[in-house]
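Colleague: The following block contains the structure, expressed as structure tokens.
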Amino acid sequence: MLKKAADYLGLGPDDQYDIAPPLEQDAQGNDQPQVVMAEPAGEVEQRQSTTVRPIPAEDSSSASPTVRPIPVPLSVKPAVVEPESFGDAQVVADQFMGGSAVIMNLRNVERDLSRRLIDFASGVCYTQKGQMERVATQVFLITPKGVEVAEADRVPAELAG
């Protein structure tokens, strides 16, 4: 049974290695390998080697540089949300998806709910390519892509510390 399994997995002896090409016998009875003459492939075309082929320059008067303004991040005052249940996570997501920065105050929330809200907010933030950062103990700032919050507005005075 082991021999069958080894053969199935390709670990057994290989019969293909035992088969040699047929030999021909010469006039004296000595074995000689069979010689097969290949036909020529055809004529070989000689190419001249060229180094670099110049490309003619385009008319520079028709091309004009494109000037694009650099987008300035939108500066907004963040909305402060103090969730009391997991159902309030939708308020955070709606504000964020609407393009507003959100300060999420989790100081008065039990630990398990706080973790769930942080996980939810970070998922929303990740999918929208936003940014989430802790700005104080149990206070998080969630900023959408392309939105900037002024330093003075990052942490309201009542939440600082």
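The numbers in the working numbering rise by one with no breaks, and the one at position 119 of the sequence shown is 1090.
Idealized CB from N, CA, C, for every residue including glycine.
Quick caveat: nothing in here was measured; it's all calculated off a predicted structure.
Could you give the distance in angstroms between the alpha-carbon of phenylalanine 1111 and the alpha-carbon of methionine 1075?
Modeller: Here the question's residue 1111 lines up with position 140 in the sequence shown. Here the question's residue 1075 lines up with position 104 in the sequence shown. Distance between the alpha carbons of phenylalanine 1111 and methionine 1075: 5 Å.
Colleague: Mind checking whether valine 1106 and phenylalanine 1067 have CB atoms under 8 Å apart?
Modeller: Reading the sequence shown from its first residue, position 135 is the one you call residue 1106. Reading the sequence shown from its first residue, position 96 is the one you call residue 1067. Their beta carbons are not under 8 Å apart, which means valine 1106 does not touch phenylalanine 1067 by this criterion.
Colleague: Specify the secondary structure class of glutamine 1102 as computed by DSSP and reduced to three states.
Modeller: If you number the sequence shown from 1, residue 1102 lands on position 131. Three-state DSSP puts glutamine 1102 in a strand.
Colleague: Hey, how far is the Cα of aspartate 1090 from the Cα of proline 1027?
Modeller: For the purposes of this step, residue 1090 is taken as residue 119 along the sequence shown, with counting starting at 1. For the purposes of this step, residue 1027 is taken as residue 56 along the sequence shown, with counting starting at 1. Between aspartate 1090 and proline 1027, the C-alpha separation is close to 59 Å.
Colleague: On a Cα-Cα basis, can you pick out the residue from Ile1113, Thr1098, Ala1123 that is closest to glutamate 1104?
Modeller: In the sequence shown, residue 1104 corresponds to position 133, counting from 1. That would be Ile1113, whose Cα lies nearest to the Cα of glutamate 1104.
Colleague: Apply the 10 Å Cβ neighbour rule to leucine 982 and answer buried if 16 or more other Cβ atoms are within range, or exposed otherwise.
Modeller: Here residue 982 refers to the residue found at position 11 when the sequence shown is read from its first residue. Exposed.
Colleague: Quick check: what's the CA-CA separation for valine 1014 versus leucine 980?
Modeller: Position 43 of the sequence shown holds residue 1014. Position 9 of the sequence shown holds residue 980. Before going further, note that residue 1014 is glutamate rather than valine in the sequence given. Glutamate 1014 and leucine 980: Cα-Cα distance of roughly 47 Å.
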